[in-house]
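For reference, the structure is listed below as structure tokens.
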Amino acid sequence: MNRRFFLKNAAALAASPLLPTTTLRAESEKHLPAIASQPRPFPPNFVWGTATAAYQVEGAVHAGGRGLSIWDTFSHTPGKTFDGETGDVADDEYYLYPEDIRLMQRLGVRAFRFSIAWPRIFPHGTSKPNAVDIDHYKRVLDRLKEANIVPVCTLCHWDLPQALQDKGGWANRDTSYAFAHYAGYVVSQLSDRITYWMTMNEFDSFIDGGYGGGGMAPGLDLPLGQLVQARQNAVLAHGLAVQAIRASAHHPAKVGLAEDISGAMPAIEDAAHIHAAEVAIRERNAPYTTVILEGRYTEQYLRKLGRNAPKFTAEDLRIISQPLDFFGINVYTTQEVIPSDNQEGYEFVPRPATYPHAQSKWLFVNPQAIYWTPKLVADIWGVKNIYITENGYSSADVLRADGQVLDTDRIMYLRNYLLQLQRAVSEGVPVHGYFLWSLLDNFEWAHGYSQRFGITYVDFKTQVRTPKLSSDFYRRVIAENAVG
Ligand code: GBH
């Protein structure tokens, strides 16, 4: 398209009496190797995928002996979610998974990131596992295998069994051991079908959002000291689960997690700004990524918390910082940093009121997020295997009478983010794959069904799925292994 555009304009210019046409032609030919219109390639083995999570898509909350999770309780509590919406039915994927696997085949994805519902496997939190739903996941995995799609499994995408919440949930250290027990059991049952495992999704979202006054289940607002201990229990659970996965796998297992790094990027790309962003990102992620990758809390984190600092042993830190096979990063947005002569040495720049955002007000659009976040993680911590485990955009999608959803804003977002990802990969940032959030519109937590992240439109009354224009965009990216 760019090439044609260029030629048309070159012709128009050539017709102008003011310019020497011959030179212009020669010049334009020289510049023509239209770099701008050439798709920018990804490496041959780059993994393209899509992502979902159990409570957001499965529905069937009473099928197969499933117990309650904190999201059942929370979404059924008046006033907690948009319009009182719940995940009771969601995308009905518990039953419709063959159809969704066909959607993925149409896209041509190599991998599928999904999560297993903990309350399906341990309906009562601990005690006896429920074999019925192990069989359910075996059927899903066998179907994926037939479709030649590699499963990438998250063990907990926020749906903590309610029975464990009744004993304090993540604020109770016993939950860390219960999680490791669950992880070990699932892996013992499914390691012949799954190689890639992620312990958890986004600590900050379900801990600070769920226990620190945010809008997430279980909807608590604990005193700071207890919140800080819940953070520590969650990273401890991750470390214990990494050990349990490795101990229980009968087949090769690759273990990682999916972390929503709280982003920081240089407002201007010079050495001083980049340094400020490095310092900022390490401190901003002190309770999660930093302690997992460094095996210690930063001095600033401990000093600022004072008497509320986490209680831990040297052994805890060793467990928390188990080496990982890969590091997953969910990238949506970031925040600019400038150097400062304050005590920290950096300052986060407040976003101007005109800063663009998606339908979701928190989702500030900044394509550089997907360049800087993995780059800084690789540079600061020497991480060698990074996957973008989520990236996506919510749009006020409209299903037209002719059956099309023309989500050009989502395409604009994806194209610009993928161009920045290509920039990172071509500079040697070790990102090996990308999982688009999401395969289909789904239950967007406290926002219910009011915010659509899918590249497939879902009519939640009929469960009819309609690929949006962005599906065609992504299909092309995958087919060409390039973005242009
Ligand atoms: C991811 O979170 C989740 O992993 C995924 O389940 C989710 O569907 C997807 O992104 C899209 O949101 O609504 O103002 O209270 C991304 C990080 C953290 C962003 C919590 C929204 C709540 C902000 N999310 N945050 S608000």
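With the numbering used here, the residue at position 47 of the sequence shown is 283, and numbering never jumps. Every residue gets a Cβ at the ideal spot worked out from N, C-alpha and C, and that includes glycine. Just so you know, these numbers come straight off a predicted model, no measurement behind them.
Assigned secondary structure, residue i (DSSP; H/G/I helix, E/B strand, else coil)
i      : result
Val293 : helix
Trp433 : strand
Arg578 : Correcting the residue type first, residue 578 is Asn in the shown sequence and not Arg. Note: Asn578 maps to coil in three-state DSSP.
Leu260 : Note on Leu260: pLDDT 38, under 50, position unreliable in the model; no value is reported.
Ala473 : helix
Ile565 : strand
Leu360 : Reading off the sequence shown, one finds His at residue 360, where the question assumed Leu. Coil, per DSSP.
Pro559 : coil
Pro523 : helix
Glu680 : coil
Phe310 : helix
Met721 : Residue 721 lies beyond the residue range present for the chain, which begins at 237 and ends at 720; the question has no answer from this structure.
Asp695 : strand
Glu438 : coil
Thr317 : coil
Arg712 : helix
Thr625 : strand
Pro610 : helix
Lys244 : Note that Lys244 scores 34 on pLDDT, short of 50, meaning its location in the model is unreliable; the coordinates nonetheless yield the value given after this. Three-state result, Lys244: helix.
Ala589 : coil
Leu456 : coil
Phe584 : strand
Phe348 : strand
Thr411 : helix
Lys490 : strand
Val573 : strand
Trp284 : strand
Ala718 : strand
Separation of residue j from residue i, as counted between CA atoms
i      : j      : result
Arg532 : Thr549 : 11 Å
Gln579 : Asp615 : 23 Å
Tyr693 : Asp552 : 44 Å
Met648 : Val388 : 27 Å
Ile517 : Gln465 : 21 Å
Trp608 : Val661 : 11 Å
Ala270 : Ala718 : Reliability of the predicted coordinates at Ala270 is poor, the pLDDT of 43 falling under 50, and no value is obtained from them.
Ala589 : Phe278 : 35 Å
Gly542 : Val667 : 37 Å
Gly684 : Asp633 : 15 Å
Ala508 : Val585 : 15 Å
Gly450 : Pro610 : 26 Å
Glu294 : Val641 : 23 Å
Ile555 : Ile481 : 13 Å
Val613 : Leu529 : 10 Å
Glu354 : Tyr413 : Contrary to the premise, residue 354 reads as Trp rather than Glu in this sequence. The straight-line gap from Cα to Cα measures roughly 14 Å.
Gly445 : Ala485 : 32 Å
Asn408 : Asn469 : 7 Å
Lys374 : Leu400 : 25 Å
Gly720 : Ala296 : 40 Å
Arg636 : Phe696 : 16 Å
Tyr629 : Ala605 : 13 Å
Thr362 : Gln595 : 39 Å
Cβ neighbour criterion (16 or more within 10 Å) applied to residue i
i      : result
Ser706 : buried
Trp394 : buried
His474 : buried
Glu716 : exposed
Ser576 : exposed
Tyr331 : exposed
Glu505 : exposed
Asp336 : buried
Glu535 : exposed
Trp598 : exposed
Leu560 : buried
Thr644 : exposed
Thr698 : exposed
Arg539 : exposed
Val573 : buried
Ser700 : Sequence inspection shows Val at residue 700; the Ser mentioned does not correspond to that position. Classification of Val700: exposed, given that the 10 Å Cβ count is below 16.
Glu321 : buried
Leu460 : exposed
Arg646 : buried
*Does the region 301-319 come within contact of the region 363-372, defined as at least 3 CB pairs closer than 8 Å?*
yes
*Is the region 321-331 touching the region 676-690, taking contact as three or more C-beta pairs under 8 Å?*
yes
*asked:* With a threshold of 8 Å, are at least 3 pairs of Cβ atoms found where one atom belongs to the region 438-449 and the other to the region 485-497?
replied: The answer is yes - the region 485-497 touches the region 438-449, with three or more Cβ pairs under 8 Å.
*Tell me, please, whether the region 566-582 touches the region 622-636 by the rule of three or more beta-carbon pairs shorter than 8 Å.*
In short, these stretches touch, since the Cβ pair count reaches three.
*Fully enclosed by the region 628-677, which beta strand (DSSP E) runs are 3 residues long or longer?*
667-673
*Kindly confirm or deny that the region 348-358 and the region 416-436 touch, where touching means at least three C-beta pairs closer than 8 Å.*
Touching, per the Cβ criterion.
*Could you say if the region 452-465 and the region 304-323 meet the contact criterion of at least three C-beta pairs nearer than 8 Å?*
yes
*Does the region 279-287 come close enough to the region 339-346 to have 3 or more Cβ pairs within less than 8 Å?*
yes
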